[in-house]
Amino acid sequence: MTAPRLSLNDGKSIPQLGFGLWQVPEDQTARVVREGLAAGYRLIDGAAIYGNEVGLGEGLRAAPVARDEVFVTTKVWNDRQGEASTRQAVEESLARIGLPSVDLMLIHWPCPERGKFLETWKTLIALRDEGKVTSIGVSNFRVADLEVIIGEKGVVPVLNQIELHPRLQQAELRAFHAKHGIVTQSWTPLGQGKSFGADAIRAAAARVGKSPAQVILRWHVQLGCSVIPRSTRAAGLAENLDVYGFALTEAEMAGIAKLETGERTGPDPAVFN
Ligand code: NDP
1335 MTAPRLSLND
1345 GKSIPQLGFG
1355 LWQVPEDQTA
1365 RVVREGLAAG
1375 YRLIDGAAIY
1385 GNEVGLGEGL
1395 RAAPVARDEV
1405 FVTTKVWNDR
1415 QGEASTRQAV
1425 EESLARIGLP
1435 SVDLMLIHWP
1445 CPERGKFLET
1455 WKTLIALRDE
1465 GKVTSIGVSN
1475 FRVADLEVII
1485 GEKGVVPVLN
1495 QIELHPRLQQ
1505 AELRAFHAKH
1515 GIVTQSWTPL
1525 GQGKSFGADA
1535 IRAAAARVGK
1545 SPAQVILRWH
1555 VQLGCSVIPR
1565 STRAAGLAEN
1575 LDVYGFALTE
1585 AEMAGIAKLE
1595 TGERTGPDPA
1605 VFN
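Residues in the sequence shown are numbered consecutively from 1335, following our numbering.
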């Protein structure tokens, strides 16, 4: 099975569903990447701060899949924001992964107190124009942050990767993204399993004969989001990709919409620096 692709606003496209590498130990990363690609995934979500870009590259080279079939994302960490340090951080990520360029480079967090995300964004635009990265986007940006970077150069990020799960549905950001042609990509899409036992999830899972995790991933897919669940288990990877053979009804989608609590599992981008 392979996920369908979503169009990006720069003419490229991204597989809708991929797998993430946060908290995957470096010594297991090559295996997870190899197993993920063998299972049919074509999108890998990495980051410099995850400490496993070397394993990402090893897994990529070991898998029987051509490099140009795989979409690789990585991210510039907070303390590397600013022109010179971003350029250096991108070079270091490429060297660790072992690629001449990656498909998508994100600014990991806006870090408003550092006051450098606009300079970092301009640097990513230059790196894209130089061919070091194919597409550029952001992560954890709020509407106000997006307005700043779009307003400055008129270059719209292709994607904003944000915390999104049934308890934190991000309606305002999703609407802004839709208006501006930005793909919403959901991180911690399973929400630490906190909604697995909710009636709306359990009932849908029973009806379609799938797991609560698959119902939640299907909900992301039907919202039109890109989604990057993580599993270090081959069976978990396969299960999480198997969400294209069934659909949730409008009533089931509406039932999940009511699970919003506004609770984050991760930091608040307004104060995380
Ligand atoms: P997920 O929501 O993907 O959940 C991962 C956890 O759920 C693991 O403990 C995993 O355990 C378990 N799990 C996976 N599949 C299943 C399943 N089918 N049934 C039951 N349990 C399951 O969380 P993450 O926080 O890792 O988020 C996904 C990715 O998003 C990250 O890996 C990273 O790439 C990205 N991310 C980005 C952030 C950002 O700031 N931009 C912040 C956080 C994450 P097991 O391994 O045993 O399957």
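Cβ coordinates follow ideal geometry from the N, Cα and C atoms, glycine included.
Assuming the contact rule is C-beta atoms closer than 8 Å, GLY1389 and SER1435 should be a hit. Round their C-beta distance to whole Å, please. Looking up residue 1389 in the sequence shown gives position 55. Looking up residue 1435 in the sequence shown gives position 101. Wrong, their Cβ atoms sit about 19 Å apart, outside the cutoff.
Since ASN1494 sits in a beta bridge, which residues does DSSP pair it with? By 1-based counting over the sequence shown, the position of residue 1494 is 160. Looking at the DSSP output, ASN1494 sits in a beta bridge with VAL1472, THR1518.
Among GLN1415, GLY1385, TRP1411, GLY1374, the one whose alpha carbon lies nearest that of PRO1398: What you label residue 1398 is simply residue 64 of the sequence shown in a count that begins at 1. Nearest option by C-alpha distance: GLY1374.
Buried versus exposed call for LYS1487 [16 or more other C-beta atoms within 10 Å across all chains shown]: The residue you call residue 1487 lines up with position 153 of the sequence shown. Looking at its Cβ environment, which holds fewer than 16 other Cβ atoms inside 10 Å, LYS1487 is exposed.
In DSSP terms, what HIS1499 is bridged to: Locating residue 1499 in the sequence shown gives position 165, where the first residue counts as 1. LEU1502, per the DSSP bridge assignment.
Could you tell me the distance, in whole angstroms, from the CA atom of GLU1403 to the CA atom of ARG1376? For the purposes of this step, residue 1403 is taken as the residue at position 69 of the sequence shown. For the purposes of this step, residue 1376 is taken as the residue at position 42 of the sequence shown. Going from the Cα of GLU1403 to the Cα of ARG1376 covers about 7 Å.
Can you tell me which of the three DSSP states SER1419 falls into? Indexing the sequence shown from 1 puts residue 1419 at position 85. Reduced to three states, the DSSP call for SER1419 is helix.
Please tell me whether, using a cut-off of 8 Å, the distance from the CB of TYR1375 to the nearest non-hydrogen atom of ligand 1 is below it. For the purposes of this step, residue 1375 is taken as the residue at position 41 of the sequence shown. Distances from the CB of TYR1375 to the heavy atoms of ligand 1 are all 8 Å or more.
What do you reckon, is the C-beta of PRO1563 under 8 Å from a heavy atom of ligand 1? On the sequence shown, residue 1563 is found 229 positions in, with the first residue counted as 1. PRO1563 Cβ: within cutoff of ligand 1.
Return the chain-ordered list of same chain residues with a C-beta closer than 8 Å to the C-beta of ILE1431, the five sequence neighbours on each side being excluded. The residue given as residue 1431 occupies position 97 in the sequence shown. Hits under 8 Å: GLY1380, GLU1387, VAL1388, LEU1390, GLY1391, LEU1394, VAL1406, THR1408.
Touching or not, the region 1413 to 1420 and the region 1573 to 1584, by the rule of three or more beta carbon pairs under 8 Å? no
Starting from the C-beta of LYS1456, find all residues in its chain whose C-beta is less than 8 Å away, skip the five residues before and the five after it, and write them out in chain order. Mapped onto the sequence shown, residue 1456 falls at position 122. Only GLU1417, GLU1486, LYS1487 meet the Cβ criterion.
Three-state class that DSSP yields for ARG1365 in the structure shown: Walking along the sequence shown from the start, residue 1365 turns up at place 31. The answer is helix: DSSP assigns ARG1365 an H, G or I state.
Can you give me the Cβ contacts of LEU1371 inside the same chain, cut-off strictly under 6 Å, excluding the 5 residues immediately before and after it? Numbered from its first residue, the sequence shown carries residue 1371 at position 37. For LEU1371, where only same-chain residues beyond five positions count, the Cβ hits under 6 Å are ALA1397, VAL1399.
Would a C-beta distance cut-off of 9 Å place GLY1558 and LEU1351 closer than the cut-off? Within the sequence shown, numbered from 1, the residue matching residue 1558 stands at position 224. Within the sequence shown, numbered from 1, the residue matching residue 1351 stands at position 17. Cβ distance not < 9 Å, so GLY1558 and LEU1351 don't count as in contact.
Provide the residue span of the alpha helix (DSSP H) that contains ILE1590, from first to last. The residue labelled residue 1590 in the question sits at position 256 within the sequence shown. Note, ILE1590: alpha helix (DSSP H), 1584 to 1591.
Give me the DSSP bridge partner(s) of SER1560. The sequence position of residue 1560 within the sequence shown is 226, counting from 1. According to DSSP, SER1560 bridges with GLN1519.
At a threshold of 8 Å, does GLN1504 count as lining ligand 1 (C-beta to nearest heavy atom)? Here residue 1504 is taken as the residue at index 170 of the sequence shown, counted from 1. Not so, every heavy atom of ligand 1 lies at least 8 Å from the Cβ.
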